[in-house]
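Asker: Numbering (full-length UniProt numbering), first residue to last: 1 to 402. Glycine included, each C-beta is placed from N, C-alpha and C at the ideal position. Remember, it's a predicted structure, so these values are computed and weren't measured experimentally.
1) Taking only runs of the beta strand (DSSP E) that begin and end inside the region 100-149, which ones reach a length of at least 3 residues, in chain order?
2) From the DSSP output, in three-state form, read off residue 266 for me.
3) How many angstroms separate the CA atom of residue 3 from the CA atom of residue 123?
4) Give a yes or no on contact between the region 133-150 and the region 230-250, applying the rule of three or more CB pairs nearer than 8 Å.
5) Along the chain, where does the beta strand (DSSP E) that runs through residue 94 open and close?
6) Which residues share a DSSP beta bridge with residue 337?
7) With DSSP as the reference, please indicate the residues paired to residue 238 in a beta bridge.
8) From residue 252 to residue 232, what distance separates their C-alpha atoms?
9) How big is the Cα-Cα spacing for residue 46 and residue 342?
10) Near residue 282, which residues of its chain fall below 7 Å by C-beta distance, leaving aside the five closest residues on each side in sequence?
11) At what residues does the alpha helix (DSSP H) containing residue 422 begin and finish?
12) Roughly how many angstroms lie between the CA atoms of residue 311 and residue 288, to the nearest whole one?
13) Roughly how far, in whole angstroms, is the beta-carbon of residue 142 from the beta-carbon of residue 164, given that I think they are within contact range, below 8 Å?
14) Grouping DSSP H, G and I as helix and E and B as strand, with all else coil, what is residue 209?
15) Helix, strand or coil: which one does DSSP assign to residue 204?
16) Could you compute how far the alpha carbon of residue 337 sits from the alpha carbon of residue 254?
17) Helix, strand or coil: how does DSSP classify residue 273 here?
18) Can residue 177 and residue 153 be called in contact, C-beta distance under 8 Å?
19) Indicate whether residue 16 and residue 110 have their beta-carbon atoms separated by less than 8 Å.
20) Mind the definition here: the region 77-88 touches the region 125-137 only if three or more C-beta pairs lie below 8 Å; say whether that holds.
21) With residue 173 as the anchor, note down where its beta strand (DSSP E) starts and where it stops.
22) Which class does residue 2 belong to by DSSP, given the choice of helix, strand or coil?
23) Using only alpha-carbon positions, find the residue among 106, 156, 286 and 36 that is nearest to residue 136.
24) With a threshold of 16 other CB atoms inside 10 Å of the CB of residue 98, please say whether the residue is buried or exposed.
25) When we look at the beta-carbon of residue 96 and count the other beta-carbons within 10 Å, is it buried (16 or more) or exposed?
26) Using three-state DSSP, classify residue 293 as helix, strand or coil.
27) Which whole-angstrom value is the C-beta distance of residue 50 and residue 65, which I expect to be below 8 Å?
28) Short of 6 Å in beta carbon distance, which residues of its chain neighbour residue 209, apart from the five on each side in sequence? Order them along the chain.
29) Considering only residues of the same chain and omitting the five flanking positions on each side of residue 285, which have a CB-CB separation below 7 Å?
30) Hey, quick one: how far does the beta strand (DSSP E) through residue 182 stretch, first residue to last?
31) From residue 26 to residue 5, what does the alpha carbon distance come to, in whole angstroms?
32) Which class does residue 309 belong to by DSSP, given the choice of helix, strand or coil?
33) How many angstroms separate the CA atom of residue 144 from the CA atom of residue 10?
34) Is residue 195 helix, strand or coil by DSSP?
35) From what residue to what residue does the alpha helix (DSSP H) around residue 24 run?
36) Can you tell which of 182, 295, 166 and 368 has the C-alpha that lies nearest to the C-alpha of residue 277?
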C-alpha cells in the first residue's frame, strides 16, 4: 500500500501541513517502510515463547512466557506525523495478532481521508477498520470495550481517554506532547547547536513563508500562537507577522522572556547555570524530550541523571521521534499479552511429607547474607553448588508432573 501510493501520501501531507515532498519521503515514507521490514524480519523472534530466567524459586516449574494477542486495539494517531505514527503502530498491532480500529486525527483531513480510502483496498475490513470524524465520533468510539488503547497526542485529550477507558478497565498507552527543554553547555559549538535547534523548531509544521517549509496545521492553532504573541510582555526583535488565512506565522525571536510570561506555555528562556536548568525542567510537567548540547560527558550525565523525559537526545533534536514506544518491538510488546505457562508439581498436594518439606526448604529457603554484608566468594560458590545439588536431588526423587 505504501509503495504503491507514495505520491498520494506526499500530496496529502503537503495539503495538510505544507511539508515539502523530500521531507515527507525521508521522515514518513522511508520510516514506515523500514519499520514494516523490521517487523517482518523479526516477527517470528518477537512472538516466540520465552523461557523465564533461572530462579531457585521457580526453575522446577519450567515457567515459559507465551506471547498472545490482546484482542481489539484502538489506535488514535496525531496530525504531525499522520502516516509514520499511524501505520507503524497499526503494523505492530497486526503483527502481534490483534485486530485494529484506527482513528486518524481530524486535524490532518487529507491524510485521514486517504487512509480511509486505501486501507480497505489492501487489508481485510475485519482486520483493520478506519473511523474518521471529530469529537462526536471519538466520544462514541470510547464507549466500546477495547482490549487496549494507544493514544498519541496532548494531555487534555489523554485525560478524557483514560477516564473513558477506566469504565472497562482497558489498558492505555500514551505518547504525549509537551515541552522539550534544551540545555546548552556554554563550552559547546553554539552555532551548530543554534542551527539544529532552529531546524527542529521550524519542522515539520513551520509557519515560515517558504515552499520548502510547512504551515501551521489549522487556523485555531494560528490564533493560539497569535494570542501568545499579543500577550507577551517582552520585546519582539524579529518576526511576529501573522497571516491567518495562509496559516502563516513568521519565525519570531523574543528577547528577555520571563518565566511567568505567556510565551512560557510553549516557549523557552535562559537559565543561570546547569543546576538552574535542571531545577527549572523538574518544576514543569514531565518533558517530551530533553535536548543536551555539549561535548562534556559529565555535563550530559548530570542533566540526564537529574531529569525525566519521554526521550533524550544529545547534540541533536528531531531524530528522537523516529524511535519510540509506538514503533518496533516496543509497540509489538505493548500490544501483546505475556502469559506464563508452567508445569505443576505433585509435591504440592496433601498429605505433606516431612521429608519432602525438608527438601523443599533446602531448595527454596533463602540464606540471607551476613548483616555486615560480608561473606567470601568461595563460601557463596559452595552455597550455590549445594543448593543446585539439593535441587537436582529433589527434582529427581520427589517432583513429577501431576
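Answerer: On the basis of the data shown:
1) As far as the region 100-149 is concerned, its whole beta strand (DSSP E) runs of at least 3 residues are 128-130.
2) In the chain shown, the residue the question calls residue 266 occupies position 266. For residue 266, the predicted model reports a pLDDT of 48, less than 50, meaning its position is unreliable; a value from the coordinates is still stated below. Residue 266 falls in the coil class under three-state DSSP.
3) One-based indexing of the chain shown puts residue 3 at position 3. One-based indexing of the chain shown puts residue 123 at position 123. Spanning the two alpha carbons is a distance of roughly 15 Å.
4) no
5) Sequence index remark: in the chain shown, residue 94 carries index 94 (1-based). Not the beta strand (DSSP E): residue 94 falls in the alpha helix (DSSP H), residues 84-95.
6) Mapped onto the chain shown, residue 337 falls at position 337. DSSP, once it has assigned bridges, lists 68 as partnering residue 337.
7) For the purposes of this step, residue 238 is identified with residue 238 of the chain shown, where counting begins at 1. Paired residue(s): 253.
8) The residue given as residue 252 occupies position 252 in the chain shown. The residue given as residue 232 occupies position 232 in the chain shown. Roughly 12 Å between the two C-alpha positions.
9) Within the chain shown, numbered from 1, the residue matching residue 46 stands at position 46. Within the chain shown, numbered from 1, the residue matching residue 342 stands at position 342. Rounded to the nearest angstrom, the two C-alpha atoms are 20 Å apart.
10) Along the chain shown, one-based indexing puts residue 282 at 282. Counting only Cβ-Cβ distances below 7 Å, and skipping sequence neighbours, we find 307.
11) Shown here, the chain extends from 1 to 402; a query on residue 422 therefore has no answer.
12) Residue mapping note: residue 311 aligns to position 311 of the chain shown, counting from 1. Residue mapping note: residue 288 aligns to position 288 of the chain shown, counting from 1. Taking the straight line joining both Cα atoms gives about 7 Å.
13) Residue mapping note: residue 142 aligns to position 142 of the chain shown, counting from 1. Residue mapping note: residue 164 aligns to position 164 of the chain shown, counting from 1. Rounded, the Cβ-Cβ distance is 4 Å, consistent with contact.
14) Here residue 209 corresponds to residue number 209 of the chain shown, with the count starting at 1. Any reading at residue 209 needs caution, since the residue's pLDDT is 40, under 50, leaving its predicted position unreliable; the model's value is listed next. Coil.
15) In the chain shown, counting from the first residue as 1, residue 204 sits at position 204. In this prediction, residue 204 scores a pLDDT of 48, lower than 50, which makes its location untrustworthy; no coordinate-derived value is stated.
16) Numbered from its first residue, the chain shown carries residue 337 at position 337. Numbered from its first residue, the chain shown carries residue 254 at position 254. If you draw a straight line from the Cα of residue 337 to the Cα of residue 254, it comes to about 49 Å.
17) Taking the first residue of the chain shown as 1, we reach residue 273 at position 273. Coil.
18) Walking along the chain shown from the start, residue 177 turns up at place 177. Walking along the chain shown from the start, residue 153 turns up at place 153. Yes; because the gap between Cβ atoms is below 8 Å, this pair is in contact.
19) Against the chain shown, residue 16 aligns to sequence position 16. Against the chain shown, residue 110 aligns to sequence position 110. Contact flag set, yes.
20) no
21) The count along the chain shown starts at 1 and reaches residue 173 at position 173. That run of the beta strand (DSSP E) goes 172-176.
22) Looking up residue 2 in the chain shown gives position 2. Coil.
23) Counting from one through the chain shown, the residue named residue 136 turns up at place 136. Looking from the CA of residue 136, the closest CA among 106, 156, 286 and 36 belongs to 106.
24) One-based indexing of the chain shown puts residue 98 at position 98. Counting Cβ neighbours within 10 Å, residue 98 comes out buried, since at least 16 surround it.
25) Position 96 of the chain shown holds residue 96. It counts as buried.
26) Counting from one through the chain shown, the residue named residue 293 turns up at place 293. Reduced to three states, the DSSP call for residue 293 is strand.
27) Sequence index remark: in the chain shown, residue 50 carries index 50 (1-based). Sequence index remark: in the chain shown, residue 65 carries index 65 (1-based). Correct: roughly 5 Å between the Cβ atoms.
28) Translated into positions along the chain shown, residue 209 becomes position 209. At residue 209, the pLDDT of 40 sits below 50, so the modelled position is not reliable; the number obtained from the coordinates is stated separately. Taken in chain order, the residues that qualify are 248.
29) Here residue 285 refers to the residue found at position 285 when the chain shown is read from its first residue. Taken in chain order, the residues that qualify are 178.
30) The count along the chain shown starts at 1 and reaches residue 182 at position 182. Here the beta strand (DSSP E) through residue 182 covers 182-184.
31) As a first step, residue 26 must be located in the chain shown, where it is residue number 26. As a first step, residue 5 must be located in the chain shown, where it is residue number 5. If I take the Cα positions, the gap works out to 15 Å.
32) As a working note, residue 309 is residue 309 in the chain shown. Strand, per DSSP.
33) The residue you call residue 144 lines up with position 144 of the chain shown. The residue you call residue 10 lines up with position 10 of the chain shown. Roughly 33 Å between the two C-alpha positions.
34) Translated into positions along the chain shown, residue 195 becomes position 195. Helix.
35) Stepping through the chain shown from its first residue, residue 24 is reached at position 24. Going by DSSP, residue 24 is part of the alpha helix (DSSP H) stretching over 21-24.
36) What you label residue 277 is simply residue 277 of the chain shown in a count that begins at 1. Taking only the C-alpha atoms, the option nearest residue 277 is 182.
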